[in-house]
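Only one structure is covered here, and it is reproduced in the block below.
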Amino acid sequence: MKIVMSDTINFKYRLEAATPRTGNGGITRGVSVNEFPISKNIAGVSMWLEPGAMRELHWHANAAEWAYVLKGKMRTTVVDPQGNTHIDLFSAGDVWYFPRGYGHVLQCVGEEQCHFILIFDNGNFSEDHTFSITDFISCVPPEIAAQNLGITTSEVAMLPRKEVYFAQGQVPSIRSGLAFPVNAPSLVSAHRYPLSAQQPRLVPGGGIQRVVTQAEFPIAATITGTLFEIEPGGLREMHWHPNADEWQYIIQGRAEIGLFLAQHNFAKDNFEAGDVGYIPMGAGHYIKNTGEEDLVILIAFNSGRYEAIDLSSWLSGNPDDLLEGNFGVPADIIDKFPRKDRFLIP
Ligand code: MN
Ligand code: MN
Numbered sequence: 007m008k009i010v011m012s013d014t015i016n017f018k019y020r021l022e023a024a025t026p027r028t029g030n031g032g033i034t035r036g037v038s039v040n041e042f043p044i045s046k047n048i049a050g051v052s053m054w055l056e057p058g059a060m061r062e063l064h065w066h067a068n069a070a071e072w073a074y075v076l077k078g079k080m081r082t083t084v085v086d087p088q089g090n091t092h093i094d095l096f097s098a099g100d101v102w103y104f105p106r107g108y109g110h111v112l113q114c115v116g117e118e119q120c121h122f123i124l125i126f127d128n129g130n131f132s133e134d135h136t137f138s139i140t141d142f143i144s145c146v147p148p149e150i151a152a153q154n155l156g157i158t159t160s161e162v163a164m165l166p167r168k169e170v171y172f173a174q175g176q177v178p179s180i181r182s183g184l185a186f187p188v189n190a191p192s193l194v195s196a197h198r199y200p201l202s203a204q205q206p207r208l209v210p211g212g213g214i215q216r217v218v219t220q221a222e223f224p225i226a227a228t229i230t231g232t233l234f235e236i237e238p239g240g241l242r243e244m245h246w247h248p249n250a251d252e253w254q255y256i257i258q259g260r261a262e263i264g265l266f267l268a269q270h271n272f273a274k275d276n277f278e279a280g281d282v283g284y285i286p287m288g289a290g291h292y293i294k295n296t297g298e299e300d301l302v303i304l305i306a307f308n309s310g311r312y313e314a315i316d317l318s319s320w321l322s323g324n325p326d327d328l329l330e331g332n333f334g335v336p337a338d339i340i341d342k343f344p345r346k347d348r349f350l351i352p
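In my numbering, the protein residues as written are 7 to 352.
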């Protein structure tokens, strides 16, 4: 049977090479099913903000938002349907999650630029489903806006006439926002999870993995995140995920990723920093570090649970005589097969 190669199965999108949308203090590049047909269930965005700049108050009608901060310090506010507002501060390595429809804003509050990766649990995510506050207010009749905001119609005329999207604000005082009155102060925040502070799963010679599921981060009901650091030559072994699609963003290094879609359909491609990969639910795949430095890769799944079945785990659970029969090879070959889950193989 002929192997169908990667020129017909495209599962790589060069996100950071795409033409960005730019605005006042911000740069954004997005990838949805429109640009990348395989990505039916997850979409992503790479966004930069200048110090003080914000992605204005908005909500998403068709997707929850999960994010990983790569660079800089961020402040977010989010309002929930009970009317509670949560204000959080984020640094590199932190994760946020805003459920579908919750109103939120993102602002870069440090001295340096902010860079973060946004992930949405819907491949159809697009700006068409994003509702911005200035767009809403500028659409309604001025008398309605005046009555709602408690200002005159001539004051309404001073507000933006269309969606602002990015707005340049000031770098706030460190007390701004954190001075918000709270009845029950807590170091634990509903919307923030410090992923890079987590003790990782370590495989000597192979690398490390950090995972945040709904079990660690209760509000994140629909997205699980993983951060892999794979050593040069290391292999995240052949495996699949029974319950979720996989969205990949290469932060650093070089990788070969292989994708198996059954019936001898297979594709492999070479990835570098800024590239996005997509693995449909249940499809077999592997990730090999083909570069000279550590491969750092951010992965998101569209489920609050993490499930994976590794080839070595599967094989090591089966009797040797059965494997001899399945592969039609003698026992001395089967003896060399993995005897336990390998996960990351040096
Ligand atoms: Mn958003
Ligand atoms: Mn995987």
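Ideal Cβ positions, reconstructed from N, Cα and C, are used throughout, including at glycine.
Can you find at least 3 beta carbon pairs, one from the segment 264-278 and one from the segment 219-228, that sit closer than 8 Å? no
Just to check, is the beta-carbon of isoleucine 315 closer than 7 Å to a non-hydrogen atom of ligand 2? For the purposes of this step, residue 315 is identified with residue 309 of the sequence shown, where counting begins at 1. No.
Which one of Glu62, Gly50, Leu321 has the shortest CA to CA distance from tryptophan 72? Reading the sequence shown from its first residue, position 66 is the one you call residue 72. Nearest C-alpha to tryptophan 72: Gly50.
Along the chain, which unbroken stretches of the alpha helix (DSSP H) at least 4 residues long are found entirely within the segment 276-325? 317-322
Rounded straight-line distance, which links the Cα of methionine 287 to that of glutamate 313: Reading the sequence shown from its first residue, position 307 is the one you call residue 313. Reading the sequence shown from its first residue, position 281 is the one you call residue 287. Computed Cα separation, rounded: 11 Å.
Close-in-space but distant-in-sequence residues of the same chain around glutamine 6 (CB under 6 Å, 5 per side omitted): As displayed, the chain neither begins before 7 nor continues past 352, which places residue 6 out of reach and without an answer.
For a test of your reading of the model: does the CB of glutamate 298 fall under 7 Å from any non-hydrogen atom of ligand 2? Yes or no. Locating residue 298 in the sequence shown gives position 292, where the first residue counts as 1. No; taking the cut-off as 7 Å, the Cβ of glutamate 298 has no heavy atom of ligand 2 nearer than that.
Confirm the yes/no value for this check: CB of glutamate 252, any heavy atom of ligand 2, distance under 7 Å. Sequence index remark: in the sequence shown, residue 252 carries index 246 (1-based). True, at least one ligand heavy atom lies under 7 Å from that Cβ.
If you drop the 5 nearest sequence neighbours on each side, which residues of the same chain put their C-beta closer than 7 Å to that of proline 206? As a first step, residue 206 is located in the sequence shown; it is residue number 200 there, counting from the start. Once the five neighbours on either side are set aside, the close Cβ partners of proline 206 are Ile214, Gln215, Arg216.
For valine 170, which residues of its own chain have a beta-carbon under 6 Å away from its beta-carbon, when the five flanking residues on both sides are left out? Translated into positions along the sequence shown, residue 170 becomes position 164. Excluding residues within five positions, the ones whose Cβ falls inside 6 Å are Glu62, Thr140.
Beta carbon of isoleucine 285: closer than 7 Å to some heavy atom of ligand 2? Counted from its first residue, the sequence shown places residue 285 at position 279. Yes, since a heavy atom of ligand 2 falls inside the 7 Å radius drawn around the Cβ of isoleucine 285.
Alpha-carbon spacing of cysteine 120 relative to glutamate 237, whole angstroms: Translated into the one-based positions of the sequence shown, residue 120 becomes position 114. Translated into the one-based positions of the sequence shown, residue 237 becomes position 231. Approximately 27 Å between the Cα atoms of the pair.
Any heavy atom of ligand 1 closer than 7 Å to the beta-carbon of glutamate 71? As a working note, residue 71 is residue 65 in the sequence shown. Glutamate 71 Cβ: within cutoff of ligand 1.
I'd like to check one pair, histidine 245 with tyrosine 103: are the Cβ atoms closer than 8 Å? The count along the sequence shown starts at 1 and reaches residue 103 at position 97. The count along the sequence shown starts at 1 and reaches residue 245 at position 239. In this structure, histidine 245 does not lie closer than 8 Å to tyrosine 103 by Cβ.
Own chain residues within Cβ distance below 6 Å of aspartate 2, not counting five before or after: Lying before the first or after the last residue shown, residue 2 is absent from the chain, which here runs from 7 to 352.
For glutamate 22 and isoleucine 257, what's the separation of their Cα atoms in angstroms? To locate residue 22, count along the sequence shown from 1; it is residue 16. To locate residue 257, count along the sequence shown from 1; it is residue 251. Using only the alpha carbons, I get a separation of about 11 Å.
Could you give the first and the last residue of the continuous beta strand (DSSP E) run that contains serine 52? Start at 1 with the first residue of the sequence shown, and residue 52 comes out as number 46. Segment 49-55, the beta strand (DSSP E) holding serine 52.
Could you tell me if the beta carbon of histidine 291 falls within a distance shorter than 7 Å of some heavy atom in ligand 2? Taking the sequence shown and counting its residues from 1, one reaches residue 291 at position 285. Yes, since a heavy atom of ligand 2 falls inside the 7 Å radius drawn around the Cβ of histidine 291.
Is glutamate 62 helix, strand or coil when you go by DSSP? Residue numbering aside, residue 62 sits at position 56 when the sequence shown is read from its first letter. Three-state DSSP puts glutamate 62 in a strand.
Is it right to say arginine 35 is buried, meaning 16 or more other beta carbons lie within 10 angstroms of its own, or is it exposed? Locating residue 35 in the sequence shown gives position 29, counting from the first residue. It is buried - the Cβ of arginine 35 has at least 16 other Cβ atoms within 10 Å.
Is DSSP giving glycine 82 helix, strand or coil here? Here residue 82 corresponds to residue number 76 of the sequence shown, with the count starting at 1. Per the sequence presented here, residue 82 reads as threonine, with glycine not at that position. The answer is strand: DSSP assigns threonine 82 an E or B state.
Whole angstroms are fine: how far does the CA of proline 210 sit from the CA of proline 178? Residue mapping note: residue 178 aligns to position 172 of the sequence shown, counting from 1. Residue mapping note: residue 210 aligns to position 204 of the sequence shown, counting from 1. Going by the C-alpha atoms only, they are around 43 Å apart.
On the DSSP bridge list, what partners appear for valine 217? Taking the first residue of the sequence shown as position 1, residue 217 is located at position 211. In the DSSP output, where bridge partners are listed per residue, valine 217 has Thr232.
Short of 7 Å in beta carbon distance, which residues of its chain neighbour glycine 369, apart from the five on each side in sequence? Order them along the chain. Nothing about residue 369 can be reported from this structure: the residues present for the chain run from 7 to 352 only.
What is the rounded straight-line gap between the Cα of lysine 79 and the Cα of leucine 201? Locating residue 79 in the sequence shown gives position 73, where the first residue counts as 1. Locating residue 201 in the sequence shown gives position 195, where the first residue counts as 1. Answer to the nearest angstrom: the Cα atoms are 15 Å apart.
When the Cα of tyrosine 284 is compared with those of Arg27, Asn47, Thr28, Pro248, which residue comes out closest? Sequence index remark: in the sequence shown, residue 284 carries index 278 (1-based). Per the Cα distances, Asn47.
Rounded Cβ spacing between isoleucine 305 and threonine 232 (contact assumed at less than 8 Å): Here residue 305 is taken as the residue at index 299 of the sequence shown, counted from 1. Here residue 232 is taken as the residue at index 226 of the sequence shown, counted from 1. Confirmed, Cβ separation roughly 4 Å.
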